[in-house]
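J.: Structure provided below as structure tokens; questions to follow.
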Amino acid sequence: MSFTAETPIDEIASLDKKLLKNLTKIGYKSVNDLLSHYPKRYENRKQFNEFPYEPTESPICFRGEVIDSSRKFYGRRRFFEALISDSDGAGINQITLRWFNMVFIHKMIMVGQNVVVYGKVKKSGKRLIIDHPEFEIVDASNTNASIHLGRITPIYPLSSGISQRPLREALFNIVENLEETGFPKILPPNNLVDIPRIKAIRAIHFPSSENEMAEARRALACEEFFVLQLNVAYRKAQHNALPGSPNCGSGKLLSKLLSSLPFEMTDAQSRCVDEIRSDLASTKPMNRLLQGDVGSGKTLVAVCAILLALESGSEAALMAPTQILAEQHHAVLSQWLEPLGINVGLCTAKKKTGSDLPLFDQNSPRVIVGTHALLYDSSNSENLGLVIIDEQHKFGVNQRQKLINKGSCPDVLVMTATPIPRTLTLTVYGDLDVSVIDELPPGRGKIKTYVRQSKKHLSDSVAFLKTKLQEGRQAYIVYPLIEDSEKIKVGSVEGEFEKWSENLSPFKCELLHGRISPDEKDSIMDRFRVGDTSVLISTTVIEVGVDVPNATLMYVFDAERFGLAQLHQLRG
């Protein structure tokens, strides 16, 4: 039987019933779904690494023979050990393979078996050990042995119930029986890809050489990018086709606001406001990304957009990812807009200003700031003309769309200091127009970032922190966990709080994390803002939107546990 991309996998007679059930469970329905399950890496089983006799710096792939196995206990932890030796040598070199809390492995590995092992070798006492290695039993008598050995062998990502060998055999059978006309070209004529599509599909799974593997990967990557471009262009065309109307006032309110401020906007801010003004004046709905580093003045640009929209008779909504940030935005917008006669409402899970009516049904306010609670407000508004989403990477696509749908084709401005990969993709290919605030306001000092080994430099760090506190400054100390964990050996705020309180005495330290009630969080933050608390020991709950200008120092412990975007936010 030959297969096309659309062939249902339940029509593949050679597919193991258990494997079919598990593939269906994870949403695979067609041959194309299965062919899109690419290998995570490859092992060159034409030529294995030599059996190791010392620790290795990186994972290696080698063969060995199981000479002993046992189940053991270490405290409350159960583990299984298998001792393997060099089957091609004199059996002098030996390595212990070890799996913790995976005692079912003893049913899979037996003395006398030959195994292929992939892992990093380390030394423990006099023994060489690999913890939780990937392995595969070698059965040279198996009729399918040539699929698994003597070639560049694909290693696939697995999910529950799916094993490596049956999956590899299934894909080999499919790849060998693909219908030549069942996989038409996707790419237009180009100078980037020479390999035919069906050959690339075969080679990405079972390459004959490393060069062919690289060529196949390049061809399929180009294909993915091309399809992505088409989708982005289609979404752009769809958005531009939406019925819109000009949503931009004369700018009188904007002029009043800017003349009342004790500072002037930067050139970059002014440029971004002009770009947004142009969008609002257009009959096409705005779909713009405002990108700028933390502290670059994105909020002021957003307020300018709000004033232009309000002057045209529209309402505006600003959604933030946390209650702390929403309340901060509400305070700033109220400070700037209420002198102009504009009321600003607040909608969070904890509080809602105004009457008990749904916010968009009230005559006032015309500007609403909120968290995810805005998504569940029962009203929609034909007059919602501007939607602003702050720290947009904190919201899912569907969440953002739900707020947008509360209006009738409103203008949309999303703001971020750290674009997520999807955002970068969309902007590169044109689905979002982009405004960049590429300069900071005058007087902002440069942020200095240092990397230190915690244990080695801790005493110096404490002394430096005390010096800054004595100068009247405040600080954040950030840990990845709320409480200590047996599984993850990193610091926690609850585990380290008492030590810091003692080391930094008489300066007051307070604890902040996600399990603290909203009311208590507000109280803690208020005390920190007014200076009653000198040091906030916190998780990344402070990552977005905490604005305390006097807090000029931050220690982030176990920084490798945080994502780059998180570190960038914390650093700001």
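Counted the way this note's numbering counts, the sequence shown spans residues -15 to 556. We put the beta carbon where it would ideally sit given N, CA and C, even for glycine. Note that this is a predicted model, so its numbers are computed, not measured.
Does the Cβ of Ile373 have 16 or more other Cβ atoms within 10 Å, making it buried, or fewer, making it exposed?
T.: buried
J.: Mind checking Glu208: buried by the 16 CB within 10 Å criterion, or exposed?
T.: exposed
J.: Counting along the chain, where does the beta strand (DSSP E) carrying Leu112 start and finish?
T.: Arg111 to Asp115
J.: I'd like to know whether the C-beta atoms of Pro23 and His189 end up nearer to each other than 8 Å.
T.: When the beta-carbon positions are compared, Pro23 and His189 come within less than 8 Å of each other.
J.: Using the C-alpha atoms, what's the distance from Glu160 back to Arg181?
T.: 15 Å
J.: The beta strand (DSSP E) with Met86 in it runs from where to where?
T.: For Met86, no beta strand (DSSP E) run applies, since DSSP gives it neither H nor E.
J.: Do Val525 and Arg513 come within 8 Å of each other at the CB atom, strictly closer than that value?
T.: no
J.: Is it right to say Phe344 is buried, meaning 16 or more other beta carbons lie within 10 angstroms of its own, or is it exposed?
T.: Low confidence applies here, because Phe344 scores a pLDDT of 49, under 50, leaving its location unreliable and the question unanswered by this model.
J.: Could you spell out where the alpha helix (DSSP H) holding Gly479 opens and where it closes?
T.: Val477 to Asn487
J.: Whole alpha helix (DSSP H) runs in the segment 128 to 213 with 4 or more residues, listed along the chain?
T.: Secondary structure within the segment 128 to 213: the alpha helix (DSSP H) runs of 4 or more consecutive residues, fully enclosed, are 129 to 132, 148 to 160 and 181 to 189 (chain order).
J.: Just verifying my parser: in three-state terms, what is the DSSP assignment at Pro(-8)?
T.: Shown here, Pro(-8) sits in a strand according to DSSP, grouped into three states.
J.: Based on the DSSP secondary-structure assignment, which residues constitute the bridge partners of Asp62?
T.: A quick correction: the sequence has Arg, not Asp, at residue 62. Beta-bridge pairing links Arg62 to Phe57.
J.: Flag this pair as yes or no: are the beta carbons of Val287 and Trp320 separated by less than 8 Å?
T.: yes
J.: Classify Ala217 as helix, strand or coil using the three-state DSSP reduction.
T.: Under the three-state reduction of DSSP, Ala217 is assigned to helix.
J.: Under a three-way DSSP split, which group does Ser419 fall into?
T.: strand
J.: Just reading off the beta strand (DSSP E) that Phe119 is part of, what are its end residues?
T.: Glu118 to Val122
J.: Take every Cβ of the segment 96 to 103, pair it with every Cβ of the segment 33 to 51, and state whether three or more of those distances are shorter than 8 Å.
T.: yes
J.: Go ahead and pull the three-state DSSP assignment for Leu548.
T.: helix
J.: Looking only at its chain, what residues have a beta carbon closer than 6 Å to the beta carbon of Glu118, apart from the 5 residues adjacent to it on each side?
T.: Tyr102
J.: Report yes if the C-beta distance between Leu397 and Leu238 is below 8 Å; otherwise report no.
T.: no
J.: Exposed or buried, which one is Met509 when buried takes at least 16 other CB atoms within 10 Å?
T.: buried
J.: Would you decide whether Asp340 is buried or exposed? Buried here means 16 or more other CB atoms lie within 10 Å of its CB.
T.: With a pLDDT of 40 at Asp340, under the threshold of 50, the predicted position of this residue should be treated as unreliable, and no value is reported.
J.: Below 8 Å CB to CB, which residues in the same chain sit around Lys110 once its five sequence neighbours on both sides are set aside?
T.: none
J.: Here's the rule I'm using: 16 or more other beta-carbon atoms within 10 Å means buried, otherwise exposed. How should Ile326 be labelled?
T.: buried
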